[in-house]
Each structure stands twice: as C-alpha cells, then as structure tokens.
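Chains A and B, in that order, are what the protein sequence lines are.
According to the working numbering, the first sequence is numbered sequentially starting from 657.
According to the working numbering, the second sequence is numbered sequentially starting from 445.
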Amino acid sequence: GAVVSQHPSWVICKSGTSVKIECRSLDFQATTMFWYRQFPKQSLMLMATSNEGSKATYEQGVEKDKFLINHASLTLSTLTVTSAHPEDSSFYICSAPGQGAYSWEIDTQYFGPGTRLTVL
Amino acid sequence: AQKVTQAQTEISVVEKEDVTLDCVYETRDTTYYLFWYKQPPSGELVFLIRRNSFDEQNEISGRYSWNFQKSTSSFNFTITASQVVDSAVYFCALSENKRTSGTYKYIFGTGTRLKVLA
Chain A
657 GAVVSQHPSW
667 VICKSGTSVK
677 IECRSLDFQA
687 TTMFWYRQFP
697 KQSLMLMATS
707 NEGSKATYEQ
717 GVEKDKFLIN
727 HASLTLSTLT
737 VTSAHPEDSS
747 FYICSAPGQG
757 AYSWEIDTQY
767 FGPGTRLTVL
Chain B
445 AQKVTQAQTE
455 ISVVEKEDVT
465 LDCVYETRDT
475 TYYLFWYKQP
485 PSGELVFLIR
495 RNSFDEQNEI
505 SGRYSWNFQK
515 STSSFNFTIT
525 ASQVVDSAVY
535 FCALSENKRT
545 SGTYKYIFGT
555 GTRLKVLA
C-alpha cells in the first residue's frame, strides 16, 4: 500500500511553455501532498504543501504564480510550471503522508518516482 | 531551528566493506521522527527506516543497521558487506514537529553519495 505515482516521468519543453505534472495517491487518500524540487547533486527542497480543496502553502522564495498547484481531489495534486525557463529544469518529486490510526503512519511520507523537467 | 547535517558528501568503498553514513540533527522538539531514504540513479526515493524520538533501540534489517543516540543527536546508518547495488544517494530526514494541514514536514540533509566499487 501507500503508492504514489507521478506523470509524466520526464518532459522536455521549450522555453515559455507551461508544463503540468500530476501526482496521484493510488491506494489511499491524501488530503495533503508535498511538492519538492531537486537540482542535480543537491538535496530535496520543499516547494509547497498542497491541500485538498484549499490553496497551497508555498515555502519562502517559491513563486506561487509560477508554480501553480491544484489539489482538486483526494487522490490527485497537480503542479503546473508556467512560462518555464531553462532555470526551472529540475527533478520534481511529490509525496503524500500515509493513512492509519497510528501517528507513525500519517507521519511517514511516501514519495512518487519523480518527474524530470528539461526546459530548452 | 531544525537542521539535519550529513557531513559526508561522497564515500567510496570496495565491495564487501562495511560503511557508516553519519547523520546529525538539531531540534528543540521532544517528539520527532527520523528517517533514512535511499535514492538510486533512477531518482525514486526508497524508504529505509523511521525512528521515533522515544525509541532509542538500535535496529538491524539484513545488512542494514541503524544507531540512534539522542545524547549526541545522531542517527547513523551502517551497511555491512556492501554491494554494488547499494550505490546511491542516501538522505537522512527529520520530521518537523509542527503539523501543517495535519501532517509533518520533512527537513532533509544534503545527502551522502555512496559508491560501491566491484
């Protein structure tokens, strides 16, 4: 259980275009999902917390108008990189906390396989 | 402020050697979780272990073992008899004791790249 998928796994786009990345919890519901960005040979940096039915919470320094997050259902969150530029090229990873009656279950995040974005 | 430090940027070992990856954390919280994740070249994060701050028992899982010491704020990870397939980046993470929308955020260390040579 607790499987998270992402689509697409990789995408190449031209500068100025918008790209949508989907994150799905396959066998559980996720009212919260997290979006991370990872540059080559660097750690994961939290970009935003996606909340089902409400606005996302962005980390300091992340442009909310550039990285649009929509969490329209209990199993799907989308990240849209608007007007992408080469500096947005990165590995984007989403995660969702598990479900269960115990705190350790909901306090463990399950990660998607990531989406590699290359902007030409 | 909470922080996770993985001082070893990259480690190279020869197959069958034992290797320990260090993780030192800082937090003022009394309740927290610590995690280790493996990130192979494919990029997908693989969950290895979760440790509650109240549980200081060391754990062994096959060739993997973890040493949690609250006195030194460390949560080190040892791979015994390393194999080439262990080559990956390993991240230590600390859960922030401040629930955001019902769950904790993670604070990741910078990762340790392990290369196991045949």
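Glycine included, every Cβ here is placed at the ideal spot set by N, Cα and C.
Computed from a predicted model, the values in this text were never measured in an experiment.
Interfacial residues, the segment 489-509 of chain B to chain A, with Cβ spacing under 9 Å: Per Cβ criterion, the list reads Leu489, Val490, Phe491, Arg494, Asn496.
Inside the segment 488-556 of chain B only - beta strand (DSSP E) runs reaching at least 3 residues: 490-496, 503-505, 508-513, 518-523, 532-539, 550-552
is_contact[Phe684/A, chain B] using C-beta, thresh 8 Å: Walking along the first sequence from the start, residue 684/A turns up at place 28. Chain B contact via Cβ: absent.
For Pro742/A, three-class secondary structure by DSSP: Taking the first residue of the first sequence as position 1, residue 742/A is located at position 86. In the three-state reduction of the DSSP assignment, Pro742/A falls in the helix class, which pools H, G and I.
One or two residues paired with Thr731/A in a DSSP bridge: As a first step, residue 731/A must be located in the first sequence, where it is residue number 75. According to DSSP, Thr731/A bridges with nothing at all.
Spatial neighbours of Pro664/A in its chain, beta-carbon cut-off 7 Å, leaving aside the 5 residues before and after: Taking the first sequence and counting its residues from 1, one reaches residue 664/A at position 8. Hits under 7 Å: Thr771.
Val667/A: first and last residue of the uninterrupted beta strand (DSSP E) it sits in: Here residue 667/A refers to the residue found at position 11 when the first sequence is read from its first residue. Its beta strand (DSSP E) spans residues 666-669.
Runs of beta strand (DSSP E) wholly within the segment 686-713 of chain A (minimum 3 residues, chain order): 688-694, 701-707
Stretch-stretch touch, CB-based, cutoff 8 Å, three pairs: the segment 474-486 of chain B with the segment 529-542 of chain B: yes
Cβ distance (whole Å) where Leu732/A is taken to contact Glu678/A below 8 Å: Here residue 732/A is taken as the residue at index 76 of the first sequence, counted from 1. Here residue 678/A is taken as the residue at index 22 of the first sequence, counted from 1. Yes, they are in contact, since the Cβ atoms of Leu732/A and Glu678/A sit about 6 Å apart, within 8 Å.
Strand pairing of Pro484/B, partner residues [DSSP]: Here residue 484/B corresponds to residue number 40 of the second sequence, with the count starting at 1. The partner list for Pro484/B (beta bridge, DSSP) is empty, contrary to what the question assumes.
Residue burial classification, Asp763/A (beta-carbon count within 10 angstroms, cutoff 16): Position 107 of the first sequence, counted from the first residue, corresponds to residue 763/A. Label assigned to Asp763/A: buried.
Proximity of Gln450/B and Gly555/B at Cβ, strictly below 8 Å: By 1-based counting over the second sequence, the position of residue 450/B is 6. By 1-based counting over the second sequence, the position of residue 555/B is 111. For Gln450/B and Gly555/B, yes; Cβs fall inside 8 Å.
Closer than 8 Å to chain B by CB, Asp730/A: Here the question's residue 730/A lines up with position 74 in the first sequence. The question names Asp, but residue 730/A in the sequence shown is Leu. No, Leu730/A does not count as interfacial toward chain B.
Collapsed DSSP secondary structure at Phe684/A in the structure displayed: As a working mapping, residue 684/A is identified with position 28 in the first sequence. When secondary structure is reduced to three states using DSSP, Phe684/A falls in the coil class, being assigned neither helix nor strand.
Endpoints, the beta strand (DSSP E) within which Ser456/B is located: On the second sequence, position 12 is the one that residue 456/B refers to. Counting along the chain, Ser456/B sits inside the beta strand (DSSP E) bounded by residues 454-458.
Reduced DSSP category for Leu776/A - H, G, I as helix; E, B as strand; rest coil: The residue you call residue 776/A lines up with position 120 of the first sequence. In the structure shown, Leu776/A sits in coil (DSSP, three-state: anything other than H, G, I, E or B).
Chain A contacts made by the segment 451-466 of chain B, where a contact means CB separation under 8 Å: none
Cα-Cα separation, Ala639/A to Val718/A: There is simply no residue 639/A to check, as chain A begins at 657 and stops at 776 in what is shown.
Boundaries (first-last residue) of the beta strand (DSSP E) holding Lys447/B: Counting from 1 along the second sequence, the entry for residue 447/B is found at position 3. 447-449 is the span of the beta strand (DSSP E), which, as asked, contains Lys447/B.
Proximity of Gly672/A and Ser739/A at Cβ, strictly below 8 Å: Position 16 of the first sequence, counted from the first residue, corresponds to residue 672/A. Position 83 of the first sequence, counted from the first residue, corresponds to residue 739/A. Yes, the Cβ-Cβ distance between Gly672/A and Ser739/A is below 8 Å.
Below-8 Å beta-carbon distance, Leu700/A vs any chain B residue: As a position in the first sequence, residue 700/A is number 44, starting the count at 1. Closer than 8 Å: yes.
Burial state of Thr474/B (16 or more Cβ within 10 Å): As a working mapping, residue 474/B is identified with position 30 in the second sequence. With fewer than 16 other Cβ atoms within 10 Å, it is exposed.
CB contact below 8 Å: Tyr550/B versus chain A: Residue 550/B sits at position 106 when you count from the first residue of the second sequence. It does; some Cβ of chain A falls within 8 Å.
Straight-line Cα distance separating Leu561/B from Ser545/B: Start at 1 with the first residue of the second sequence, and residue 545/B comes out as number 101. Start at 1 with the first residue of the second sequence, and residue 561/B comes out as number 117. Interpretation of Ser545/B is limited by its pLDDT of 48, a score under 50 that renders its predicted location unreliable; the figure taken from the coordinates is listed afterwards. Those two C-alpha atoms are separated by around 44 Å.
Residue interval of the beta strand (DSSP E) (run including Val468/B): Counting from 1 along the second sequence, the entry for residue 468/B is found at position 24. Val468/B -> beta strand (DSSP E) spans 468-470.
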